[in-house]
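Below is one structure; the comments refer to it alone.
Printed below as a string of C-alpha cells:
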C-alpha cells in the first residue's frame, strides 16, 4: 500500500562549501530562501510532502553562481546517496528536476520510521503514513531564468578580475589559469643559469641560491709562501702539504719540537703549554707530556751499548747509534761468526746477524743440520728485545691506549718513540741501513706490543706489511730508495690490495695499470688500507693483463706508489668497531703515472709477491692476537681473585676456574702455533700451512678469551671503565684482516689433501 512521506529538513544557516565548485562560502555571498523553490510545483511528485522551516535560507556561491545546483545537489545527496545506505528502502528512482528530460522521481516505502544524518550538520527525519498520493508541480523554466538574472547582478558587484600577463585574459585565479592554459609557457628566465619559471615569485626564490653561492665564492684563502688564491681552505691545506711541506714546516716548538706551517699556529701551540710544563730533574728541559718526559729520561740513565773496539769504548743509549758508530772503525772487523766465518765490528752483531738471512730466513747451521723443530729456549738477544718491548708497552702504550681508542687519533708520538729505540723496521736488509732480526724475534716483540694495545701495535706492524713485498722482490736500488727512508726518518708504508669488490678474492682486483712508453697509468680504488692516510709510500697490486681470462699468476703486477704523487687521493678515516688507533682509509688512484723503475720484479709477478708476503706477515698477526689474549687472561685472573660473591672470591667457584683454565690453554697453544710458523720461515722454508694454522687458531682464541674475560667481569666488563670491553672489540678484526678465518681453513684443507696425495 502506498505511503505518504513527510521530510523535516533542519540545516545550519551557513554552508561551509559550495557543492558545485567546492569553494568555501564567505559572508559576502547572498542568501536565497529555499521555501520559494520548494513550494513551487514539481511534475509528478507523488506521495511526498515537503515540510520546511519558514525562516530557512542558504547562501549562493559567488564563484559559480549556481544556487539551484546547490539545492539540487543537496536533494540528490540527501535522498539518493543517504537513503541507499539503509536496507528498509525498497525502491528509489530520482531524477534531477533541473533538466528538461529528467523531471520525475518516485518513492515507495513501507517502513514506519527512519533517522538520517546529513554530511554537513543536516538532520533529516522521514516518517511514513498511509495517505493518498498528492502531486506537486514546479515551473523549472522560471527557476532557470531567475538564476541567470541573479548571476548577472552578482557579476556586477564582484571584485575586478586579474589580467593574465601572458595572454591578457581576465581571470579570477591567476595561478590556476597559468597552470591550465599556459602549462608549457615559462615567461620568467634567470640571466645567470637560464632557469625558467611560470611566476615571478619562483624566479625570485631561485635567485637567492645565486646570492648564497656568490657569497661563498667571495671568500678567498691565500698561501703564505707563494701567494696563490683558493676558494676553499681545504684546497689551500692540500696545496701547502703538496708544495711547501719542507719549506713551511720550519717553525718548531721549543718545548715539544712539534712543527708548524706558520708563526701564528706556533704561538697558539706554545700558549697551550702554559701551566702544563714538566721539567726534567736532571737537565731542566720542559715537556708538555709525561710520556715525552719518560722517553727523555732514557738518555739520563746508564748507556747500555758500548763500543768494544780496542781503544774506543764509546757508550750509546741506542743500538742503532752504536751500529752507525761502528762504521767509523773501517777494516776493524775483529769478531768472527763461529758458524760461517763472517767478520763483524762488534760481538753483539756477530751473534744477532746470523739469526736472520735475507728474506727473514735463518741459516739452519745455527741449530744444526739435524734440527727438526723450534727451540723453546730464547736467546739472550731475543730476551733483550722481549724485555724492551714489554717495558715500552707497559710504560708508553697502556697509559694512552684508552685515549687513542676514544679519539681515533693516530699514535704518531708512540710510533716515533718506537722507531728511536729500534722497535720497528725489523726486516729491512743491512745494505739499506737496517738490521733484520728474523721472523721469530719480530713475533715475540709483536706479542708484547699487542699486550699494551693491539690497535697501536697494528699501526706499527702494518708498516712491516707494506715493506715486505719490497724486501722480498725489490731490487737494491728500490730497497735503498724506499726502505732507506724508513730507516732515516720515522715513516711508515702501507699494503694496498683490498678493494670494495675484492677482499678475500684477490683475483677480483679491478684496479688497472696500462703501460704507455716508460710509464704505467694507474686507475682504481683500494679499500680498508691500514696506514692509508699516513704512509709515505704504498705497495699496490693492479691488473696489467688485457686478457680477462688470464690466470692470476700472470694478470697482476706489483708497483711502488708514493702518496705525494698527483692522482693519489686518500679517503676519510674509517670509524671501526675496534683497533681505532690504526689509520684505515680508502685510497683512489686516478691517472697516476708510475715509472717503470717502480715495478717489482716485472710485469705479471704481482700475485706471487702478494701471496708470498702473507707467509711472512701472518705469523706476527697471530702473535698480536696472542698478546691480546694474554692481556684478557691476566685481567680476568686478577679480577677473579679480587671480586667476591657469597663471601669468597669468584676464583673459588668452579665455573670461573674452568673458564680461566680454558683461557690459559688457548694462550699457550696460540703462542706455540705462531712460534712454529715463525721458526719455519726462519729456516728458509715455505710456511703457508703453519702460518694459516697459527693465524686462524690465535684469532679464534683471542675472540673467545676476550669474550670469557667480559663474562668473568660481569656487568663491569660491559662498561668502558674496564679494559676488557675494548679487548673484545679489538679482537674481532684478527678473524678478518690478512685473510679471514674461513680462508685460512681453506688453505689448511688444501695443504692437508696435497700431503695425503703425496703419501699415497
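Numbering (the UniProt record's numbering), first residue to last: 1 to 760.
Using N, Cα and C, we set each Cβ at its ideal position, and we do this for glycine too.
Owing to the predicted nature of the structure, the values given are computational and were not obtained by experimental measurement.
Grab the span of the alpha helix (DSSP H) containing residue 466 for me, first residue to last. 454-473
Specify whether the region 712-722 and the region 693-703 touch according to this definition: at least 3 beta carbon pairs, one from each stretch, less than 8 Å apart. no
Touch check for the region 665-679 and the region 434-442: three-plus C-beta pairs under 8 Å? yes
Between the CA atoms of residue 204 and residue 593 - distance to the nearest angstrom: 48 Å
Kindly indicate which residue of 504, 464, 533, 561 has the alpha-carbon position closest to the one of residue 574. 533
Same chain, Cβ closer than 6 Å to residue 622, five either side skipped, listed in chain order: 674, 694, 695, 698
Does DSSP classify residue 649 as helix, strand or coil? In the structure shown, residue 649 falls within a strand segment according to DSSP collapsed to helix, strand and coil.
Starting from the Cα of residue 591, find the closest Cα among 636, 465, 513 and give me that residue. 513
Does DSSP put residue 380 in a helix, a strand or coil? helix
Taking Cβ to Cβ, would you say residue 414 is nearer than 9 Å to residue 456? yes
Mind the definition here: the region 420-428 touches the region 663-670 only if three or more C-beta pairs lie below 8 Å; say whether that holds. no
Reducing DSSP to helix, strand and coil, say where residue 610 ends up. helix
Opposing strand residues paired with residue 170 [DSSP bridges]: 163
Who are the Cβ neighbours of residue 726 in its own chain at under 6 Å, not counting the five residues just before and after it? 405
Span of the beta strand (DSSP E) holding residue 591? 584-595
Residues in its own chain within less than 6 Å of residue 498 by CB, not counting five upstream and five downstream? 527, 528
For residue 612, which residues from the same chain have a beta carbon less than 7 Å from its beta carbon, with the 5 sequence-adjacent residues on both sides left out? 472
Nearest neighbour of residue 599, chosen from 652, 541, 144, 566 [CA to CA]: The residue with the shortest Cα to Cα distance from residue 599 is 541.
Out of 491, 478, 524, which has the shortest C-alpha to C-alpha gap to residue 502? Closest by alpha carbon: 524.
State the DSSP-derived secondary structure class of residue 188, mapped to helix, strand or coil. strand
Thinking C-alpha only, which one of 620, 200, 518, 663 is nearest residue 691? 620
By Cβ distance below 8 Å, which residues in the same chain neighbour residue 758 in space, the five residues on each side in sequence not counted? none
Specify the secondary structure class of residue 388 as computed by DSSP and reduced to three states. helix
N- and C-terminal bounds of the alpha helix (DSSP H) containing residue 742: Looking at the DSSP string, the run of the alpha helix (DSSP H) that includes residue 742 is 741-759.
What is the DSSP secondary structure of residue 513, reduced to helix, strand or coil? strand
Taking the alpha-carbon positions, what's the residue 640 to residue 681 distance? 39 Å
From which residue to which residue does the alpha helix (DSSP H) around residue 506 run? Unbroken run through residue 506: none, as it is neither H nor E.
For residue 555, which residues of its own chain have a beta-carbon under 6 Å away from its beta-carbon, when the five flanking residues on both sides are left out? 543, 545
Do you know offhand how far residue 300's Cα is from residue 293's? When rounded, the distance between both Cα atoms is 11 Å.
Please classify residue 423: does DSSP put it in a helix, a strand, or coil? Three-state DSSP puts residue 423 in coil, outside helix and strand.
Within its chain, find whatever has a CB closer than 8 Å to the CB of residue 206; leave out the 5 residues flanking it on each side and keep chain order. Taken in chain order, the residues that qualify are 190, 195, 197.
Between residue 579 and the rest of its own chain, which residues show a CB-CB distance below 7 Å, the 5 nearest in sequence each way excluded? 454, 455, 458, 730, 733
In terms of DSSP beta bridges, what is residue 573 paired with? According to DSSP, which records beta bridges pairwise, residue 573 is partnered with 585.
In terms of DSSP beta bridges, what is residue 523 paired with? 512
Just the Cα atoms here: how many angstroms apart are residue 240 and residue 606? 34 Å
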